[in-house]
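Working notes, structure below.
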Amino acid sequence: MPRKKGFLHLPITEDFLKTIGGDYALELVQIWEKKKGNVTDEELAKQLNVKITEIRTALNRLHYRGIACYQKTRNTKTGWYSYTWSIKTNRIAELVMERQAEEIQKIKKRMDFEKNYIYFNCKSGCTTVPFEVATEYQFKCPECGKNLDEENSVKKLKVLNQRIDDIRIELETMEKMN
Ligand SMILES: [Zn+2]
1 MPRKKGFLHL PITEDFLKTI GGDYALELVQ IWEKKKGNVT DEELAKQLNV
51 KITEIRTALN RLHYRGIACY QKTRNTKTGW YSYTWSIKTN RIAELVMERQ
101 AEEIQKIKKR MDFEKNYIYF NCKSGCTTVP FEVATEYQFK CPECGKNLDE
151 ENSVKKLKVL NQRIDDIRIE LETMEKMN
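Here the sequence shown is numbered in the UniProt record's numbering, starting from 1 and rising by one per residue.
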């Protein structure tokens with residue numbers, strides 16, 4: 001069943017494509033979408049007004065992830081090969097969802113860490129140390145002598161929790177588009 005392509009314009013998808021494929025990856029996926037099908041690397045380079053080598057680099061990165069695939073055809077007159085590319089939108093959706101799930105796991109680990117360790121900061125930003133070390137320093141910064149204050153872990157945990165909620169909302173939005 002063909003997937004609706006609205007999710008290609010979600011910020012998480014756009015961010016993902018840029019991260020894995022570089023600056024042109026997102027744009028070339030969008031051109032491919034507008035053309036509703038196969039495009040050659042020459043066409044993409046012309047449309048984006050960049051060197052073909054840049055387009056090929058981006059396409060190869062997407063190919064490596066199984067997002068872009070190509071067909072090689074030989075021009076019988078010139079003898080040159082041309083490459084017609086297409087984009088697998090299902091694969092993009094799959095990878096974005098995987099990435100976000102991993103991100104949630106990472107944040108959860110971070111939260112566990114924050115819960116288990118309380119850190120102390122120098123007001124001037126010279127140093128951050130765990131509780132045991134802060135006691136050794138008698139709660140004074142070894143660099144500048146100012147007081148070492150307890151880091152606000154509660155606030156940090158709230159921020160992290162909010163981030164998880166945001167990702168979940170993004171994922172639900174994406175799933176609804178499928
Ligand atoms: Zn200090």
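All C-beta atoms, glycine included, are put in the ideal place defined by N, C-alpha and C.
Excluding residues up to 5 positions away in sequence, P130 and F131 lie with their Cβ nearer than 8 Å to the Cβ of Y117 in the same chain. Going by DSSP, R65 is part of no alpha helix (DSSP H) at all; its letter is neither H nor E. In the DSSP assignment, S86 is bridged to C69. Between ligand 1 and G125, a heavy atom-to-CB distance of less than 8 Å is present. For T135, the three-state secondary structure derived from DSSP is helix. Sequence-distant Cβ neighbours of S153 in its own chain, meaning closer than 7 Å and more than five residues away, are E114 and I118. V159 counts as exposed, since fewer than 16 other C-beta atoms from the protein chains shown sit within 10 angstroms of its C-beta.
The C-beta distance from Q100 to I164 rounds to 10 Å, too long to fall under 8 Å, and the pair is not in contact. The DSSP-derived three-state label of N147 is strand. Ligand 1 approaches E143 closely enough that one of its heavy atoms is under 8 Å from the residue's Cβ. Rounded to whole angstroms, the separation of the alpha carbons of F7 and T13 is 7 Å. Y117 sits in coil when the DSSP states are folded into three classes, being neither helix nor strand.
Shortest Cα-Cα distance from L59 to any of W80, E27 and G79 involves E27.
Secondary structure note for T128: its beta strand (DSSP E) is the uninterrupted segment T128 to P130. In this structure, K158 has its beta carbon at no less than 8 Å from each heavy atom of ligand 1. In this structure, R56 lies away from L95, with their beta-carbon atoms at least 9 Å apart. Counting only residues of its own chain and dropping the five nearest sequence neighbours on each side, A25 has a CB closer than 7 Å to the CB of L17, K18, A58, R61 and L62. Taking 8 Å as the cut-off, one finds at least one heavy atom of ligand 1 near enough to the beta carbon of K146.
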